[in-house]
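**Q** In our numbering, the protein residues as written are 529 to 1096.
Note that CB positions come from ideal geometry on N, CA and C, so glycine has one too.
(1) Tell me which residue opens and which closes the alpha helix (DSSP H) that residue 957 is part of.
(2) For residue 632, is the classification buried or exposed, using 16 other Cβ atoms within 10 angstroms of its Cβ as the cut-off for buried?
(3) Just list the residues that DSSP pairs residue 970 with in beta bridges.
(4) For residue 762, which three-state DSSP category applies?
(5) Residues in its own chain within less than 6 Å of residue 881 by CB, not counting five upstream and five downstream?
(6) Note down the Cα distance separating residue 772 from residue 725, rounded to an integer number of angstroms.
(7) Tell me which residues share the same chain as residue 764 and place their Cβ nearer than 8 Å to its Cβ, disregarding the 5 neighbours each side in the sequence.
(8) Closest by CA to residue 682, which one among 563, 1049, 669?
(9) Is it the case that the stretch 1035-1043 contacts the stretch 979-999, given that we only count it when at least three CB pairs across the two stretches are under 8 Å?
(10) Looking at the structure shown, is residue 583 part of a helix, part of a strand, or coil, going by DSSP?
(11) Considering only DSSP beta bridges, list what residue 728 is partnered with.
(12) Just curious, the alpha helix (DSSP H) that residue 742 is in, first and last residue?
(13) Using 10 angstroms around the beta-carbon of residue 975, count the other beta-carbons present and answer buried if the total reaches 16, otherwise exposed.
(14) So, do the stretch 887-902 and the stretch 933-944 have three or more beta carbon pairs nearer to each other than 8 Å?
(15) What residue range does the alpha helix (DSSP H) around residue 1029 cover?
(16) Terminal residues of the continuous alpha helix (DSSP H) containing residue 990?
(17) My output table needs one value for residue 1011: the three-state DSSP class, helix, strand or coil.
(18) Touch check for the stretch 1000-1020 and the stretch 904-918: three-plus C-beta pairs under 8 Å?
(19) Give, in chain order, every unbroken run of the beta strand (DSSP E) that is at least 3 residues long and sits entirely within the stretch 872-954.
(20) Could you check where the alpha helix (DSSP H) with residue 630 kicks off and where it finishes?
(21) Going by beta carbon distance, what residues of the same chain come within less than 8 Å of residue 708, once the five residues before and after it are set aside?
(22) Measure the C-alpha to C-alpha separation of residue 776 and residue 784 and round it to an integer number of angstroms.
(23) Please work out which residues of its chain come closer than 6 Å, Cβ to Cβ, to residue 533, disregarding the five sequence neighbours upstream and downstream, and give them in chain order.
(24) Take residue 669 and list the residues in its own chain whose beta-carbon comes closer than 8 Å to its own, dropping the five residues that flank it on each side.
(25) Quick check on residue 581: buried or exposed, where buried means 16 or more other Cβ atoms within 10 Å of its Cβ?
(26) Distance check for residue 901 and residue 536, CA to CA, integer angstroms please.
(27) Quick check on residue 870: buried or exposed, where buried means 16 or more other Cβ atoms within 10 Å of its Cβ?
(28) What three-state label does DSSP hand residue 1047 in the structure shown?
(29) Around the Cβ of residue 823, are there at least 16 other Cβ atoms within 10 angstroms (buried) or fewer (exposed)?
(30) Determine which residues share a DSSP beta bridge with residue 569 and list them.
(31) Thinking C-alpha only, which one of 847, 623, 737 is nearest residue 817?
(32) Hey, would you say residue 696 sits closer than 9 Å to residue 715, going by beta carbons?
(33) Per DSSP, residue 651 is paired with what?
(34) Assign residue 1030 to one of two classes, buried (16 or more other C-beta atoms within 10 Å of its C-beta) or exposed (fewer than that).
(35) So if DSSP puts residue 518 in a beta bridge, which residue, or which two residues, is it bridged to?
(36) What are the boundary residues of the alpha helix (DSSP H) that includes residue 788?
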């Protein structure tokens, strides 16, 4: 495969990144790169404002591909040179604030140095010059210019772009080695997390030599085009609280207690009154989740050190239970869009594609923005390791929807199953807020109500639905599972006199018979891959060709979802 450093033209760069040449030219010369950004401010942890310029649409996709290509090239360079520097810990695979902080744990002296206006220091000419002249690239000026055009906004690298972190790390490598050299002379450990430089030592003599070190360090920083933020430069002693990138490092790594206390208070204000503040500014759910995630990142790290593989809410610690409560609130109580939860990933692809095809008929569910862009007014649950750990919502499988139901059930036997506690968060949030959930949650199953081995019938048995509810489900294909909640159960209609139907059965014969090469579609597990392709490839075909697919069989299920959303 061609190496990144062997690219010689703009078109070769487009081909390498698997971007249509005409799309690249359109962004660079017709639409202009700067028009593909949105700008906003977010409050910093310790006060002040961070200005974010984030790419959108096609530029964001290109920057992600550029970032991935540059990272692969970096790994190749390190392998060829037999090195893997452990200096920079921001934006690198396998590294984090934790890997950065643990190097400085339990040290006598800790020195923090902050670089001022870090991303703005990487101006267009600096980026272009690096890729043109650096020995690891030496790209033609045309290619270096295009990379700088794609990655810069208003003449410098923007904070918020996927490509900015890897480019800053590239350009800072020589700087890091120079700083490391003087750090070793003064018997200091050194790491950098973006604009945060940290030095630590157990050598008491550093107190007497710190002015000499600071003078030499300043020369290197300024010659590299940076400036020291004097307000954030501080020397921390062992008998005081020592912090590195927000983590306390005196003994074991931990999060400041006051930070945890404030986060908990912010969450309670959100639950009670629907809003909260951070540094006297209105906060967002995304910011609050960032704080919980920050706290949890360290808990997970310490759990691994203790060889703890906790997997049920009986053993979640207090901070983790706060995060669990927040996640339920975000996904199942205050969700700003109706949430649809399906048995599998392919079902999501089918429903999204059908909505795109019939967008004009369901304005409450979807709006068409452009020929290739739609805005969904419903969301689909993206299962993750985080939801699995905190809420016992498995990444795969339909049976996990029973666990979602357990959080909504008034039956105590449902909320304590298989050593997992399912707290009654629904009642808690109703009581605290004095209200009701904002949007409906819709569980969508294949219609297999008569088969005891299938997910829908197993769910019905688990929920202990009475005969009246079973009859209603069979007749209307939808029921509300709790009067005081927002959880609905629905299934698709039966077709062709079948006793049970999957969502795939809603497609017409022509679609189901579609061939890819000589292969035909098979829904069965363990199919012959030489003759057939499976659900994943079929759903991809549906997504890519929704305009030409016959979705008439999906009308009924879309009508039901629409009715739930409009009547909730």
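**A** In brief:
(1) 953-961
(2) buried
(3) 868, 1016
(4) strand
(5) 1070, 1071, 1074
(6) 9 Å
(7) 637, 638, 639, 640, 770, 771
(8) 563
(9) no
(10) strand
(11) 638, 717
(12) 734-751
(13) buried
(14) no
(15) Counting along the chain, residue 1029 falls outside any alpha helix (DSSP H), and DSSP gives it neither H nor E.
(16) 983-991
(17) coil
(18) no
(19) 894-898, 901-904
(20) 625-630
(21) 615, 718
(22) 6 Å
(23) 665
(24) 656, 660
(25) buried
(26) 33 Å
(27) buried
(28) strand
(29) buried
(30) 579
(31) 847
(32) no
(33) 684
(34) buried
(35) Look at the range of the chain in this structure, 529 to 1096, and you will see that residue 518 is not part of it.
(36) 785-801
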